[in-house]
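Which chain is which? The protein sequence lines are D and W, in order.
For the first sequence, our numbering assigns the number 231 to the initial residue and increments by one for each residue that follows.
For the second sequence, our numbering assigns the number 231 to the initial residue and increments by one for each residue that follows.
First comes the structure, then the notes that go with it.
2 protein chains.
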Amino acid sequence: MERIAEGEYAVMEVLWEESPLTAAEVAGRVPPGRGWSLATVKTMLSRLLAKGALAHEQDGRRYLYRPAFAREDYVAEESGRLIDRMFGGRLTPLVAQLAARDRLSPADIEEIEALLRELKS
Amino acid sequence: MERIAEGEYAVMEVLWEESPLTAAEVAGRVPPGRGWSLATVKTMLSRLLAKGALAHEQDGRRYLYRPAFAREDYVAEESGRLIDRMFGGRLTPLVAQLAARDRLSPADIEEIEALLRELKS
DNA sequence: GCGTAATGATTACAGCTGTAATCAATAAGG
DNA sequence: CCTTATTGATTACAGCTGTAATCATTACGC
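Next comes the structure, spelled out in structure tokens:
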């Protein structure tokens, strides 16, 4: 699975949300904050195709694009990469990190505890 | 805090581990797997200086380099970025992710639970 | 003192990324 | 039919990144 750039990722998000879509449809769904032209979206689509992150099927004169892998797979790989790099591959230090920065509310803590209880059973 | 590229990060790691260091010393401590020449390390150091990620003090004819911010701060920012992008800013889905991929051993679970208990008290 | 080694600064260059514009082909509308 | 809009393909271009080489300066060994 090849690396996906930040901008390209925005396009993937659109297609993970709904697919297949035409280029124009994708452009219409990219977050407006990006301020992208249709041309830019087309460039992204081409590059993602070349990288093997998208597949396309012909639909008359145009293409319908769809992701070539599941969002969960990509997300798992990226998270793993970061955790390996920054936390020696262990999750605990990450949790500790976030806790120390007040990024964990009591509700979050409760939720994670419930999840872990679940995992043990 | 400006963005740090993957290769630059390797240099930061060296200096977070020990600093201040000269360029040659940094080069001697970069993971050998990188196979970098001294010239490459010098380029990284210049760029990191320009980005404000490093500070330097004169030592005779050369510089001694040191990080301009703590590793924890950088790591917190990067983790936050990823969690925002991929998990809507919430940690629980990340934990669930990793659990579902068997990246959490029973020992890990125990450890995190202990950490969370700690946090609540 | 003089050659040599070390050091920061400058320059190089290809590949990736963000952000398009242009072009050729063709479908759709009138 | 003819014009116009749509679509993928190709090209553009600057900034960042990986990976150095070269250069000018200067300190150090002999």
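Built from N, CA and C at the ideal position, the CB exists for glycine as well.
Computed from a predicted structure; not experimentally measured.
For a Cβ distance threshold of 9 Å, nothing in chain W lies close to residue 296(D): the least Cβ distance comes to about 20 Å.
At a cut-off of 8 Å between beta carbons, residue 282(W) makes no contact with chain D.
Following the DSSP letters along the chain, one finds residue 338(W) inside the alpha helix (DSSP H) bounded by residues 336-350. What residue 331(D) touches in chain W, judged by beta-carbon distance under 7 Å, is 306, going in chain order. Within chain D, the residues whose beta carbon sits less than 8 Å from that of residue 309(W) are 312, 316, 324, 327 and 328, listed in sequence order. In the three-state reduction of the DSSP assignment, residue 289(W) falls in the strand class. For the pair residue 258(W) and residue 333(D), the CB atoms are not nearer than the 8 Å cut-off. About 39 Å separates the CB atoms of residue 322(W) and residue 289(D); that is not less than 8 Å, and the two are not in contact.
Around the beta carbon of residue 242(D), 16 or more other beta carbons lie within 10 angstroms, which makes this residue buried. Residue 295(D) sits away from residue 345(D), with the two beta carbons spaced by 8 Å or more. Of the candidates 271(D), 342(D) and 315(D), the residue whose Cα lies closest to the Cα of residue 326(W) is 342(D).
Within chain W, no residue has its beta carbon less than 8 Å from that of residue 272(D); the closest one is some 23 Å off. Close CB contacts of residue 293(D) within its chain, under the 6 Å cut and outside five residues either way in sequence, are with 286 (chain order). Restricted to the segment 259-313 of chain W, the beta strand (DSSP E) segments that are unbroken, complete and at least 3 residues in length are 284-289 and 292-297, listed in chain order.
When Cβ-Cβ separations below 8 Å define contact, residue 234(W) makes no contact with chain D. Contacts with chain D (Cβ-Cβ distance below 8 Å) from the segment 333-350 of chain W involve 333, 334, 336, 338, 339, 341, 342, 343, 345, 346, 349 and 350, listed in chain order.
A direct Cα-to-Cα measurement between residue 320(D) and residue 273(W) gives close to 31 Å.
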